[in-house]
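Reading the sequence shown from the start, the letters are residues 1 to 298 in full-length UniProt numbering.
In this text, a Cβ means the ideal position worked out from N, Cα and C, and glycines have one as well.
Fair warning: this is a prediction, and the values are worked out from it, not measured in the lab.
I have placed the structure first, in the form of structure tokens, so that the comments after it can refer back to it.
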Amino acid sequence: MSSRTRLNRAYKNAKTIAFDDTSKFIFFSDCHRGDNSFADDFANNRNIYFHALNHYYQQGFQYCELGDGDELWENLHFEVVFEAHKNVYQLLRQFHLENRLHMVWGNHDMVYKQKNYVDKHLSSYFEPIEDKDKELFEGITYHEALVLKHRQNQQELFCTHGHQADWWNYVCWRFGRFLVRILWKPLQVVGIHDPTSPAKNYKELIRIEKRIKRWILENNLRITIAGHTHRPRFPEPGQIPFFNDGSCVHPRSITGIEIEEGKISLIKWQIATKPDGTLQIVRVLLEGPEKLVDYIDQ
1 MSSRTRLNRA YKNAKTIAFD DTSKFIFFSD CHRGDNSFAD DFANNRNIYF
51 HALNHYYQQG FQYCELGDGD ELWENLHFEV VFEAHKNVYQ LLRQFHLENR
101 LHMVWGNHDM VYKQKNYVDK HLSSYFEPIE DKDKELFEGI TYHEALVLKH
151 RQNQQELFCT HGHQADWWNY VCWRFGRFLV RILWKPLQVV GIHDPTSPAK
201 NYKELIRIEK RIKRWILENN LRITIAGHTH RPRFPEPGQI PFFNDGSCVH
251 PRSITGIEIE EGKISLIKWQ IATKPDGTLQ IVRVLLEGPE KLVDYIDQ
């Protein structure tokens, strides 16, 4: 099966979300939430991420996670990840209770395409203090893709992880998971990274991006937002509309894509130092905002 076929299938089976110029979305991907060990790349940015997530919750944004939210290649079970980052999941639960949570599976959490696995592990958790199970993401469904469709002009935004354009990490994900868990996780502790990851392999990254761009050109320049490669991308109107929200495991920062007031922006959250030497978490605008309608009929 080709990357074209996999992307077509993801688009066909995508969850459709109606939106308009009053809607607000934040897109994050590649959080790779782990077990808080030395191999947990997310642990370094968890306070930045939690602060940003709380900001978007308070401001009424819908949260879209485009795959690899949980690191289930290095870790056998979701439960150890949940215990390591319990405050994050409790805040995500608030989005879920208000129907503002939209989750996509990637290659590192591809087990979430199995509804039985999601129902068993994510619906509830055991609270030892109260000695009982409590609800977490009751009734949640993970999707391979989302399609945001504008209520007035019918413009569509296709949102997926992007590993559909990566044969190894889509078709051979079980073998990749085995290698990461047995080989690369121990080596990562001493600074040796998995060379099969497009985030660490520039040539493979370029190949994946070319395949996605080719698909966009074959599909009437449909706006596409992806992750997977960890490289933020923000095209200007008139260019191929391929956006990438980056990741939440950059050194000392996280990146994402916002949609607000009918405009799209690439943003970064990072720790900054005040003149008096105290630290604060700040939002930095990297690109945009650009009107979504400017990407129609290019």
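Cβ separation of residue i and residue j, assumed to be a contact under 8 Å, to the nearest whole Å
i, j, result
"E209", "T229", "7 Å"
"E144", "A10", "5 Å"
"I48", "I254", "6 Å"
"G288", "I264", "6 Å"
"F61", "I26", "5 Å"
"Y142", "Q94", "About 18 Å separates the two Cβ atoms, so there is no contact after all."
Residue i versus residue j: straight-line alpha-carbon distance, rounded
i, j, result
"L205", "S123", "35 Å"
"E261", "I129", "43 Å"
"E74", "T22", "39 Å"
"K203", "N244", "17 Å"
"residue 318", "I240", "Because the chain is modelled from 1 through 298, residue 318 falls outside the range shown and cannot be assessed."
"Y63", "F82", "18 Å"
"W105", "S247", "14 Å"
"L76", "K86", "17 Å"
"V147", "N153", "14 Å"
"D276", "G162", "43 Å"
"D133", "K274", "43 Å"
"I296", "D35", "43 Å"
"Q59", "N219", "34 Å"
Check whether residue i and residue j have beta carbons under 8 Å apart
i, j, result
"H102", "D68", "no"
"F28", "G256", "yes"
"Q114", "R6", "no"
"H108", "E71", "yes"
"L91", "L53", "yes"
"T46", "V80", "The residue you asked about is not Thr; residue 46 is Arg in the sequence shown. Against a cut-off of 8 Å, the Cβ pair of V80 and R46 comes out as no contact."
"V249", "D41", "yes"
"K24", "I259", "yes"
Opening and closing residue of the alpha helix (DSSP H) in which residue i lies
i, result
"R6", "S3 to K12"
"F50", "R46 to Q58"
"Q94", "K86 to L97"
"K113", "First-last for K113: undefined, no H or E at that position."
Buried or exposed by the 16-neighbour rule on C-beta atoms within 10 Å, applied to residue i
i, result
"R211", "buried"
"F234", "buried"
"L285", "exposed"
"A84", "buried"
"L157", "buried"
"A39", "buried"
"R252", "exposed"
"V111", "buried"
"L292", "buried"
For residue i, the first and last residue of its enclosing beta strand (DSSP E)
i, result
"K274", "Note, K274: premise wrong, no beta strand (DSSP E); not H, not E."
"G69", "Neither: G69 is in no beta strand (DSSP E) and is coded neither H nor E."
"G256", "S253 to E260"
"H150", "A145 to H150"
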